[in-house]
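To keep things clear, I will list the structure first and then write my remarks on it.
In our numbering, the protein residues as written are 79 to 172.
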């Protein structure tokens, strides 16, 4: 089962503001955050709800009062605004 999932997904890594591709996140992609300190020690993921108006909107759990949140996006670079751990990239299931 995991082999099918792994072969049907693509991971777009953000590296110094460039994902290495001209693709941008889209609805239903999974946003992947790095590990951080404190409550972020295990990392974090969120499901992308929408990308519009220069912002990426996502749905998440285990973040107090922020079930739905948004961050600015410029092409494929997503700014964490210091509120989240570093964003590693996003996963797209094909």
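Idealized CB from N, CA, C, for every residue including glycine. As the structure is a computational prediction, the values presented were derived from the model and not from experiment.
Reduced DSSP secondary structure (H/G/I, E/B, other) of residue i
i	result
residue 114	coil
residue 121	coil
residue 160	coil
residue 105	coil
residue 155	strand
residue 141	coil
Neighbourhood of residue i by C-beta, 6 angstroms cutoff - its chain only, sequence neighbours within 5 removed
i	result
residue 163	111, 112, 114, 118
residue 203	Beyond the ends of the chain as shown, which are 79 and 172, falls residue 203; an answer cannot be given.
Residue i - containing beta strand (DSSP E), residue span
i	result
residue 20	In this structure the chain extends from 79 to 172, so residue 20 is not present and cannot be described.
residue 150	146 to 152
Nearest candidate by alpha-carbon position, reference residue i, set the options
i	options	result
residue 141	130, 135, 131, 122	122
residue 161	90, 147, 131, 91	147
Chain-order list of residues whose beta-carbon lies under 7 angstroms from that of residue i (same chain, five-residue window excluded)
i	result
residue 125	106, 108, 136, 137
residue 157	149, 150
Cβ shell of residue i (< 8 angstroms), same chain only, five flanking positions each side left out
i	result
residue 129	102, 103, 104, 105, 135, 151
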